[in-house]
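Numbering (my numbering), first residue to last: 7 to 579.
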Amino acid sequence: MDTAESNNSTAGQAAPISEQVSAAILRALTLAVATQELPSGLTLPSQITLERPKNRDHGDYATSVSLSLAKPAGMNPRAVAELLRTYLLADVEIKESISAIDIAGPGFLNITLARAGQGSIISAILSEGEKYGHGSALAGTSINLEFISANPTGPLHLGHTRWAAVGDALGRVLSAAGAKVTREFYINDRGNQMELFGASIRAAAQGLAVPEDGYHGEYITDLAALIKAEHPEFLDLPEAQSFDAFRDAGYALQLADQQRVLANFRTNFDIWFSEKSLYENDFFKHCLDRLKEQGHVFEDGGAIWLRTTDFGDDKDRVMIKSDGAFAYFASDSAYYISKRERGFDVCIYMLGADHHGYVHRLKAIAACAGDDPSYNIDVLIGQMVKILENGEELKLSKRAGTIITLEELVEKVGVDAARYTLIRYPVDTPMVMDVDVLRSRTNENPVYYVQYAHARICAVLRNATDLGIAYGADQIHPELLENERERELIGALAEFPRVVAGAAELREPHRIARYAEELAGIYHRFYADCRVLPLGDEPATELHSARATLCSATARVIANSLALLGVTAPEKM
RNA sequence: GUCCCAGUAGCUCAGUGGAUAGAGCGACCGCCUCCUAAGCGGUAGGCCACGGGUUCAACUCCCGUCUGGGACACCA
């Protein structure tokens, strides 16, 4: 792909055209205030956000500033718009890029780009390549992104899989928006569940029944057999040591298995954080002291509490139980403080729906630590995933003993389809994955729809090369791209940086998937209406080169979108 | 009881306060002697659950009601 792309990785890139336009609008407003054509006391917005009109008759960009300023200015909105129009048309920095400014409806300002402005979009895509779409919306922000954090006591299941896909994609999106992102997996390696896990494996190794409240999947017997083969002496140890030995060996194997499965799913972490480590080197005591300084710790009934009700929680939470044991909440508190002390500005938690009750108390921890819960901590709740095959819900997993695992899902539909489908829905709504749809190769399977568009373009470009048709940064010819489909396609390509920034700020990677689908659809329609390569023995013209170049830019943007989702962009299908 | 999420086309769902509310599926009718038909075009299908409020403008924000789903621990 992009074989003919010229290698001029030259000088400073101009700001995206949409930013140039919105800056010009702001200049126009400032001028109008200076000349008192707008009242001098008028407070102007700090930034003009442009909309992309749904209706193409309304131009490439639209703004409603005149509507919102009309009332404070005590003017008719259309008069404000008229004023803006005059100044914009006179603005030397922007007027070359604009072909028309129309005032519509109650006072919308509709801006149509000149061909040259459209050409600059294609040029930016080709020169920025893999970086096109990346921006600085979150530059300077250090983010800790914690997701999955499954207990190391069994295989990863469907719920974890949703987070694996969405969390990883969110990490990619946040990075693309300029944030410094650290992906972290919190390992619950202490507490009752670990003991039960060890006891279950040991029982299996002895050929005994697994405890009632223990772990029952087939994998427990597998682990027991593995450990017994490696360390037959574990069974002869004194009981307490024997439990510990099985627990620790099982933990190591299970964690390694989760890491293997996740790596295969293209989900990687920077830090695997051990809960146990929170209690080493007096770290917990340090955390408790910090919370005490803020004045929200108290003692009652022999237990140590955090007064989370000071910050909207419905009840206070116990950190140290009256028997001296640490409650799970102690770990939560210390873990949050650990993240902040490690230098993260924003801590994002991705939790399952069964943890939604945790949102208030986690936010309260931040507040109790003296932080701003609306900025320093962000808790995302993911709803349930169901999986359907042959019209019936899949529930049983041979391995886990309960629900279907990440690995089984991948075996059924592949990494690309699994990742894409899990990411394309907002996480706060329950979703259903239909295995039969994910295996189908039609419009109803969005991942193939998008990938197909990419492969289709690659095929066209291969043919272009065979025919000796040049395409690339020196073959943009924006003045030739006047078909409605071409304009629509360029407009969609120009949107990508804003989509990425929005997805990052809202923590909603599904927006990238939806954008990719829309872009793919627009390309397919362009392809149906606009012949890219010469027909038969037709001579090659600059229009063919211009269209091939547009194809190349489109492939770039589709590939960049899919890359943000961790999904491959195949060149052949 | 308290809290969270949802209610948009027959179905599954998008929709960052803007103009005529969208997509896929399903239904019906069409399009390949030449660039990937895993594609494209057209028709049909909507009191955006309901009632108030804020706003120049509400599917979108606020309050309330109804319906559905989920969560409540000195468990982890």
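All residues carry an ideal CB built from backbone N, CA and C; glycine is no exception.
Give the range of the alpha helix (DSSP H) segment to which residue i is assigned.
i	result
N270	E245 to N270
Y612	No answer is possible for residue 612: the residues shown for the chain start at 7 and end at 579.
M200	N198 to A211
V39	I23 to A40
V505	E490 to E511
K234	E224 to E236
Mark residue i as exposed unless 16 or more other C-beta atoms lie within 10 angstroms of its C-beta, in which case mark it buried.
i	result
H292	exposed
S446	exposed
A10	With a pLDDT of 37 at A10, under the threshold of 50, the modelled position of that residue is not reliable, and no figure is offered here.
D535	exposed
P503	buried
P379	buried
S46	exposed
N449	exposed
K77	exposed
R562	buried
A17	Any reading at A17 is ruled out, since the residue's pLDDT is 37, under 50, leaving its predicted position unreliable.
P587	Here the chain comprises residues numbered 7 to 579, so residue 587 is not present and cannot be evaluated.
R537	exposed
L570	buried
N274	exposed
T560	buried
A269	exposed
N13	Residue confidence is low: N13 scores 35 on pLDDT, short of 50, so the model does not pin down where it sits. Its coordinate-derived value is still stated next. So N13 ends up on the exposed side.
T411	buried
E399	exposed
A246	exposed
S142	exposed
A175	buried
V438	exposed
V98	exposed
In the DSSP output, what is residue i paired with across the bridge?
i	result
C536	Answer is none; C536 lacks a bridge partner.
C557	Looking at the DSSP assignment, C557 forms no beta bridge with any residue, so it has no partner.
S148	K186
Y355	E152 and V385
F191	W278
H163	T411
Please name the residue, chosen from the options, that lies closest to residue i on a Cα-to-Cα basis.
i	options	result
F332	L294, E299 and T315	L294
Y257	C536, A85, I409 and T159	T159
N287	A340, A522, L259 and L297	A340
Q481	T547, H460 and P83	T547
G349	M439, L412 and N382	N382
D322	G572, V303, R430 and L259	V303
A68	I109, A479, L473 and A554	I109
A211	T435, E236, V187 and F191	E236
S133	L570, P576, T555 and A575	T555
S558	V86, I127 and H516	I127
K578	R178, L48, H460 and R62	H460
R553	L539, E201 and E544	L539
P545	A336, G474, I429 and L512	G474
E43	M81, V71 and R62	M81
A255	P238, L549 and S155	P238
I277	L73, S206 and F153	F153
T574	A519, N396 and D543	A519
K137	L164, A183 and F114	A183
E494	I463, R517 and A526	A526
G3	L368, E488, H163 and D384	The first residue shown for the chain is 7 and the last is 579, placing residue 3 beyond what the model contains.
I100	I23, K60, H140 and A262	I23
Which residues bound the beta strand (DSSP E) around residue i?
i	result
D108	I104 to A110
D440	M437 to D440
Between residue i and the ligand ZN, is the CB less than 7 Å from at least one heavy atom?
i	result
Q247	In terms of ligand content, the structure shown is empty, and the ligand ZN therefore cannot be addressed.
*Every unbroken alpha helix (DSSP H) inside the region 367-433 [4 residues or more]*: 412-419 and 421-429
_Runs of 3 residues minimum, wholly inside the region 55-129: which ones carry the beta strand (DSSP E) assignment?_
67-69, 104-110 and 114-119
*asked:* Suppose only complete runs of 4+ residues qualify. What are the alpha helix (DSSP H) ranges in the region 260-338, listed by chain order?
replied: 289-300
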